[in-house]
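Comments concern the structure below.
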Amino acid sequence: MTERGDKQFWYNMRTGAVEFGYASPSLDRVGPFPTEQAAAHALEKLRENSAKWDAEDAEDR
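Taken in order, the sequence shown gives residues 1 to 61; the numbers are from full-length UniProt numbering.
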């Protein structure tokens, strides 16, 4: 069962801070992440996903 978002970690894109629960407005945060460490590496994960999706899109052309 997936944890509720208010019981997980988020990365705040505006401040660069890791937050627990719904500490900031939804437009400022990405996640949720299962651990504080995973949230701290959110930007790396977003870059990896973006590169992967770009490559998949290029294959579809």
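Note that the Cβ used here is the ideal one computed from N, Cα and C, for glycine as well.
Inset, instruction - Using only alpha-carbon positions, find the residue among Gln37, Glu36 and Trp10 that is nearest to Ser24. - result: Trp10
Legend entry - Residues near Phe33 by beta carbon distance below 6 Å, same chain, minus five either side: Phe9 and Ala39
Legend entry - First and last residue of the uninterrupted alpha helix (DSSP H) at Glu44: Ala42 to Asp60
Inset, instruction - Per DSSP, which residues does Arg29 bridge with? Please list them. - result: Asn12
Inset, instruction - Counting only the same chain and skipping the five closest in sequence on each side, list residues whose C-beta sits under 6 Å from that of Ala42. - result: Tyr11 and Val30
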